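Visitor: Residue numbers (the working numbering): 254 to 321. Cβ atoms here follow ideal geometry from the backbone N, Cα and C, with glycine treated the same way. The structure displayed is predicted, hence computed values, not measured ones. Quick one: this structure, given as structure tokens, is what I'll be asking you about.
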Amino acid sequence: MDITRKQQTPGLVCTCNDLYAEEIAEITAMGETEYKEIFALLDTQPRCGECVSHVNQFVSASDGKTTL
Ligand code: FES
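Right, here's the structure in full:
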């Protein structure tokens, strides 16, 4: 994770894959709750894994929990 880039880029959730809040929210709104599956549905996969807690915020907002 590039924490400086994340702090400077509003809405950026995953710096490894350039995934933004809108993309993550769209997938979790469809009911997906598993971290790796959220990435798979966005045609990518987690790399460093450090964005899991941020992704989990979107899952929680959709009333679910992520699993690794
Ligand atoms: S920030 Fe590294 S996998 Fe998301």
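Would you tell me roughly how many angstroms separate the C-alpha atoms of LYS289 and CYS267, rounded to the nearest one?
Guide: Here residue 289 refers to the residue found at position 36 when the sequence shown is read from its first residue. Here residue 267 refers to the residue found at position 14 when the sequence shown is read from its first residue. Looking at the two C-alpha atoms, the distance is approximately 13 Å.
Visitor: Sorry if obvious, but does the Cβ on GLU303 come closer than 6 Å to a heavy atom of ligand 1?
Guide: Your numbering for residue 303 matches position 50 in the sequence shown. Yes, ligand 1 has a heavy atom inside 6 Å of this Cβ.
Visitor: Can you give the Cα-Cα distance for THR262 and SER313, rounded to whole angstroms?
Guide: Position 9 of the sequence shown, counted from the first residue, corresponds to residue 262. Position 60 of the sequence shown, counted from the first residue, corresponds to residue 313. So the two alpha carbons sit approximately 22 Å from each other.
Visitor: Output the boundary residues of the alpha helix (DSSP H) element that contains LEU294.
Guide: As a working note, residue 294 is residue 41 in the sequence shown. Residues 288-294.
Visitor: Is the CB-CB distance between MET254 and GLU303 below 7 Å?
Guide: Walking along the sequence shown from the start, residue 254 turns up at place 1. Walking along the sequence shown from the start, residue 303 turns up at place 50. Closer than 7 Å, so yes.
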